[in-house]
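Q: Take 57 as the starting number for the sequence shown in our numbering and just add one per residue.
Quick reminder that beta carbons are idealized off the backbone N, C-alpha and C, glycines included.
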Amino acid sequence: VTGGGVLAETDAQYIKVTTPAQFLAALNNIKSSNSKPYKVIEVAADLDLGYIEAGGATTEATYSFFTSNATALVHPTLIATGVSQITIQSYDGLTIYSKTGNTIRHAEFNVKNGKNLIIRNLKFDELWEWDELTKGNYDKNDWDYITIGDASSASGRVWIDHCTFYKAYDGIVDVKKGAGTAGAGQATNGVTISWSEILPGSGNASFMQAQFDYLETNKSSMTMYNYLRQFMSQTQIMEVASYQKKGHLIGANDLKEPTGYAVTLHHNYYKGLMDRMPRLRTGDVQVFNIYADASAARVTKKWFDALVETNKSGLAAKLVDSGPTYHFGITSNGSISTEGGTIEVTNSVYKGVLTPLRNNQSDVTNSAYTGAIRAYGTRHELLSGDDAAYMASPQSTYVDSNSVTWMVWQGNSDDSGSSLGPTQATPITFAWHNGTPPTPATLHTATEVPALVTSYAGASKLSLTAAQWMNANN
57 VTGGGVLAET DAQYIKVTTP AQFLAALNNI KSSNSKPYKV IEVAADLDLG YIEAGGATTE
117 ATYSFFTSNA TALVHPTLIA TGVSQITIQS YDGLTIYSKT GNTIRHAEFN VKNGKNLIIR
177 NLKFDELWEW DELTKGNYDK NDWDYITIGD ASSASGRVWI DHCTFYKAYD GIVDVKKGAG
237 TAGAGQATNG VTISWSEILP GSGNASFMQA QFDYLETNKS SMTMYNYLRQ FMSQTQIMEV
297 ASYQKKGHLI GANDLKEPTG YAVTLHHNYY KGLMDRMPRL RTGDVQVFNI YADASAARVT
357 KKWFDALVET NKSGLAAKLV DSGPTYHFGI TSNGSISTEG GTIEVTNSVY KGVLTPLRNN
417 QSDVTNSAYT GAIRAYGTRH ELLSGDDAAY MASPQSTYVD SNSVTWMVWQ GNSDDSGSSL
477 GPTQATPITF AWHNGTPPTP ATLHTATEVP ALVTSYAGAS KLSLTAAQWM NANN
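1) Run through DSSP, which three-state label would Met264 get?
2) How would you call Asp470, buried or exposed, if buried means at least 16 neighbouring beta carbons within 10 angstroms?
3) Go ahead and pull the three-state DSSP assignment for Glu253.
4) Where Gly328 and Asp67 are concerned, what is the direct C-alpha to C-alpha distance, given to the nearest angstrom?
5) Quick one, are the C-beta atoms of His323 and Val509 less than 8 angstroms apart?
6) Quick one: Cα of His218 to Cα of Ser378, how far?
7) Please list the segments of the alpha helix (DSSP H) lying wholly inside the segment 415-502, counting only runs of 4 or more residues, in order along the chain.
8) Pick helix, strand or coil for Phe360, following the three-state DSSP scheme.
9) Measuring straight from C-alpha to C-alpha, what distance separates Tyr153 and Arg176?
10) Buried or exposed for Pro494, please, with buried defined as at least 16 other CB atoms from any protein chain shown within 10 angstroms of its CB.
11) Quick one: any contact between the segment 441-457 and the segment 466-481, if contact means 3 or more CB pairs under 8 angstroms?
12) From Gly212 to Val57, what does the alpha carbon distance come to, in whole angstroms?
13) Look up Asp148 in the DSSP assignment and give the residues it is bridged to.
14) Would you check if the distance between the CB atom of Asn415 and the CB atom of Pro334 is smaller than 8 angstroms?
15) Rounded to the nearest angstrom, how far is the Cβ of Tyr225 from that of Leu183, given a contact under 8 angstroms?
16) Pull up the DSSP beta-bridge partners for Leu321, would you.
17) Please report the Cβ distance between Thr123 and Gln141, rounded to the nearest whole angstrom; I am assuming they are in contact, meaning their Cβ atoms lie under 8 angstroms.
18) Buried or exposed: Gln286, going by 16 or more other Cβ atoms within 10 Å of its Cβ?
19) So what does Gln69 bridge to, in DSSP terms?
20) Tell whether a beta-carbon distance below 8 angstroms holds between Lys179 and Gly106.
21) Can you give me the C-alpha to C-alpha distance between Lys358 and Ser418, rounded to a whole angstrom?
22) Looking at C-alpha atoms only, which residue of Thr411, Val505, Val130 is the closest neighbour of Asp269?
23) Take the Cβ of Ser120 as the centre, count every other Cβ of all protein chains shown within 10 Å, and call the residue buried at 16 or more, exposed below.
24) Between Ser393, Asp195, Asp206, which lies nearest to Ala126 when the distance is taken from Cα to Cα?
25) Quick check: what's the CA-CA separation for Ala207 versus Gly396?
26) For Gly212, which residues does DSSP report across the bridge?
27) By the 10 Å Cβ neighbour count, where 16 or more other Cβ atoms means buried, how is Asn389 classified, buried or exposed?
28) Alpha carbon to alpha carbon, how far is Leu80 from Gln480?
29) Output the distance between the C-alpha atoms of Leu173 and Tyr299, rounded to the nearest integer angstrom.
30) Where does Glu400 land, buried or exposed, given buried means 16+ other C-beta within 10 angstroms?
31) Go through the segment 289-337 residue by residue and report every complete run of the beta strand (DSSP E) that reaches 3 residues or more, in order.
32) Who pairs with Thr123 in a beta bridge, going by DSSP?
33) Using only alpha-carbon positions, find the residue among Ile228, Ser351, Ile386, Thr398 that is nearest to Ser457.
34) On the DSSP letters alone, give me the boundaries of the beta strand (DSSP E) that Lys407 sits inside.
35) Check the DSSP bridge columns for Ile97 and list the partner residues they point to.
36) Among the residues of its own chain, which have a CB less than 6 angstroms from the CB of Asn490, if the five just before and after it don't count?
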C-alpha cells in the first residue's frame, strides 16, 4: 500500500483541510478519472461531520457521497448534529492523514470501489447512543466508524495506522465483500489495521455524561434505563456501558462469504473491548503483537455479575431469564474464527479476556460454522480464583498496582494446559486460503507488547513530518 505517495505540501494534488466543507470538497475530487485528483488530504483541524451540522440536504444535493445515516433517537448531541455516512470511492491511490491527530466526529466512512488507501493518525469519536429501541441489542443504527467493501466492487489494499477509535454504536472497522448472491462478489483483501487503539467511552467526557443525563431526565419514558436504575446507580450503569462491545467484523453474511479476505491486525491496543478481535467468516487473518487489555472490564464484570446474581429472582430477573427482556452486561471474547476462516495469533496478550480464542459462535454441532484458529507465544492473564474454571493450570501469578492478583499462562494454543482455547467446537484443519502470509518484518515478544502498544498505538503518539506520515515505510 502506497496511498497517494509522498508529495510536497505545495503540490496541486495535496490539499489541507480545516473545515467540513473543505473536507467534502476535497473528497469530491479524488476520483481516478479526474485529470488531477487529490492524492493526499491532510486533516488539519477537528471535523464535525454530522449530517445536520455539515449542511444536511443542501450538502447532499452537492455531494451525493454525503448522506444521512440512521437517525439518532436518544443522544441529545447526535439528535442536534445528525450522523452522516461519507462514501470514499472511485479513487486509485489516496492518503487521508493528520499531522497532529485531529478528530473526526459524528460520521461513518464507507470505503468502496477503490484501491490503495491509507488512513493515518486520526481519532474517531462520538458515534454512540444508548439503545432503548432494541433493548440493548444495538440492532437499529448500524453505525461503524469505517466500513470497507460494502459495495458491488470491493476495496483492496487499505492501511489504517496509528488511529484512535472510541466507543461506537456497532463496530469499529468492519470489512465486507462486494454485494451479490451466495459466494459472489470480490472479497475485500489486503486490509491492515496497525498501531491503532480502541478505547472505552469518549475522548470528550461530556459526550457520555450528556447521554446519561438525558436518560435520567427522561427516565419515565426510557424503559430499559429505568429498569436498571431500580438496582444500579447512574455511575454504575455508565461504567458497564462505557466499554466497546464489537471490534472488527470480517464477512457480514452467514455461509455466504468468499474466501478471499486477507486481513492483518498488528500492534493494536484493545482497551476494554469485549468481542471481535476480529470475528471472521472465512478468509485469512494474521494477528500479531496485539494487547487485548480487558483488565478493568473484567473487574467491572465481577461486581456487575455479583449484583445481578444477588437480584436474579427479583429486580434483575429481566436480565437473566430465558430469552432476557434486556441485554446489558459485559461479554468477554477475543479472536473468533468461523465458517472455515483461518486466524493465526502470534506473540499477543489477552488480559482479563475469558475466552481468547473461539472457533464457533453459531452452532457447535455444525462444522460449517467452525473456523480454524491457533496461537503461538501468546500470554493469557485472568483473575486469580474467580477465573479458575478458565485457567486450570496457571504458570504464575502477580499482584498489580491495584492489589488485584492475576494468573498467567503463556505459550501456544496446542500446548498442554493451555487456557487460550478454542474449546467450543471440534477443531478443523488449519489451512490458509490465500497463501501463507508474509513473515512480519518486526515481531516483538508477548512480554514486550503491553508497554510498547500502550505507548505508541493510536493517534497523537508520534511526532512525524508530513513526508514521514505519507511514506508507507514509516
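A: Looking at the coordinates:
1) Three-state DSSP puts Met264 in a helix.
2) Here Asp470 is exposed: its Cβ has fewer than 16 other Cβ atoms, across all protein chains shown, within 10 Å.
3) In the three-state DSSP reduction, Glu253 falls in the strand class (E or B).
4) Answer to the nearest angstrom: the Cα atoms are 42 angstroms apart.
5) Between His323 and Val509, the gap from beta carbon to beta carbon is short of 8 angstroms.
6) Distance between the alpha carbons of His218 and Ser378 is about 43 angstroms.
7) Runs found: none.
8) In the three-state DSSP reduction, Phe360 falls in the helix class (H, G or I).
9) Going by the C-alpha atoms only, they are around 5 angstroms apart.
10) Within 10 angstroms of the beta-carbon of Pro494 lie fewer than 16 other beta-carbons, which makes it exposed.
11) In this structure the segment 441-457 lies against the segment 466-481, because at least three pairs of beta carbons, one per stretch, are closer than 8 angstroms.
12) Approximately 9 angstroms between the Cα atoms of the pair.
13) According to DSSP, Asp148 bridges with Lys171.
14) Result no, Cβ atoms of Asn415 and Pro334 do not sit closer than 8 angstroms.
15) 6 angstroms between Cβ atoms; contact.
16) As DSSP reads the structure, Leu321 sits in a beta bridge with Ile249, Val343.
17) About 5 angstroms; that satisfies the 8 angstroms criterion.
18) The Cβ neighbour count for Gln286, taken over all protein chains shown within 10 Å, is under 16; the residue is labelled exposed.
19) Beta-bridge analysis with DSSP links Gln69 to no other residue.
20) No, the Cβ-Cβ distance between Lys179 and Gly106 is not below 8 angstroms.
21) Lys358 and Ser418 have their alpha carbons spaced roughly 26 angstroms apart.
22) Distances from the CA of Asp269 to each of Thr411, Val505, Val130 were compared; the closest alpha carbon is that of Val130.
23) So Ser120 counts as exposed.
24) For the residues Ser393, Asp195, Asp206, the minimum Cα distance to Ala126 belongs to Asp195.
25) Cα-Cα distance, rounded: 23 angstroms.
26) Partner residues in the beta bridge of Gly212, as assigned by DSSP, are Lys171.
27) That one is buried.
28) Spanning the alpha carbons of Leu80 and Gln480 requires a straight line of approximately 46 angstroms.
29) Leu173 and Tyr299 have their C-alpha atoms roughly 29 angstroms apart.
30) Buried: at least 16 other Cβ atoms inside 10 Å.
31) Runs found: 318-322, 325-327, 335-337.
32) In the DSSP output, where bridge partners are listed per residue, Thr123 has Gln141.
33) For Ser457, the closest C-alpha among the options Ile228, Ser351, Ile386, Thr398 is that of Ser351.
34) Run containing Lys407: 405-407, per the beta strand (DSSP E) assignment.
35) Ile71, Ile152, per the DSSP bridge assignment.
36) Apart from the 5 residues on each side of it in sequence, Asn490 sits with its Cβ closer than 6 angstroms to the Cβ of Ala318, Asp340 in its chain, given in chain order.
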